[in-house]
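These notes are about the structure you will find just below.
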Amino acid sequence: DISLSCFERALELADDGNMADVWYNVGQVAVGIGDVSLAYQAFKIATSVDSAHAESFNCIGVLELRKQNVEAAQANFATAQKLAPYLFEPF
29 DISLSCFERA LELADDGNMA DVWYNVGQVA VGIGDVSLAY QAFKIATSVD SAHAESFNCI
89 GVLELRKQNV EAAQANFATA QKLAPYLFEP F
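Shown next as structure tokens:
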């Protein structure tokens with residue numbers, strides 16, 4: 029699959045400043061293909077690389093909500109709101 033090789037290359041070239049964004053993009057593609065487990069892992073990695081990656085916290089919140097984990101979803105949405113009040117998704 030060409031997208032996998034592209035992401036492998038992106039991860040090889042990524043530095044601390046953009047590594048979280050690459051993992052976020054991996055998560056978005058995983059959501060798109062229906063691999064929720066990979067998406068969750070990718071977003072968690074993104075937040076571990078950059079603890080201020082609000083977009084990933086928002087996506088984790090969405091995935092938690094899909095799993096009926098309302099409290100975990102709310103916590104992730106609150107974190108995303110605090111980190112990036114300009115985002116409209118977590119509100």
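Going by the numbering used here, the letters in the sequence shown line up with residues 29 to 119, in that order.
Heads up, the beta-carbon is just placed ideally off N, CA and C, and yes, glycines get one too.
None of the values given here were measured: they were computed from a predicted structure.
Using the Cα positions of residue i and residue j, report the straight-line distance between them to the nearest angstrom.
i	j	result
threonine 75	leucine 111	12 angstroms
valine 59	aspartate 44	24 angstroms
leucine 91	isoleucine 30	26 angstroms
leucine 39	valine 50	7 angstroms
leucine 41	cysteine 34	11 angstroms
tyrosine 52	isoleucine 61	14 angstroms
glutamate 99	glutamine 109	15 angstroms
alanine 48	leucine 66	15 angstroms
Which first and last residues belong to the alpha helix (DSSP H) in which residue i is found?
i	result
glutamine 96	It is not in any alpha helix (DSSP H) - glutamine 96 carries neither H nor E in the DSSP assignment.
alanine 80	Neither: alanine 80 is in no alpha helix (DSSP H) and is coded neither H nor E.
glycine 60	47-61
phenylalanine 35	30-41
Identify, in the order they occur along the chain, each residue of the same chain with its Cβ nearer than 6 angstroms to the Cβ of residue i, setting aside the five sequence neighbours on each side.
i	result
isoleucine 88	Phe71, Asn104
Short of 8 angstroms in beta carbon distance, which residues of its chain neighbour residue i, apart from the five on each side in sequence? Order them along the chain.
i	result
asparagine 46	none
valine 1	Lying before the first or after the last residue shown, residue 1 is absent from the chain, which here runs from 29 to 119.
Take residue i and list the residues in its own chain whose beta-carbon comes closer than 7 angstroms to its own, dropping the five residues that flank it on each side.
i	result
leucine 93	Ala101
glutamate 117	Asn86
valine 57	Ser31
threonine 107	Phe85
alanine 82	Ala108, Leu111, Ala112, Leu115
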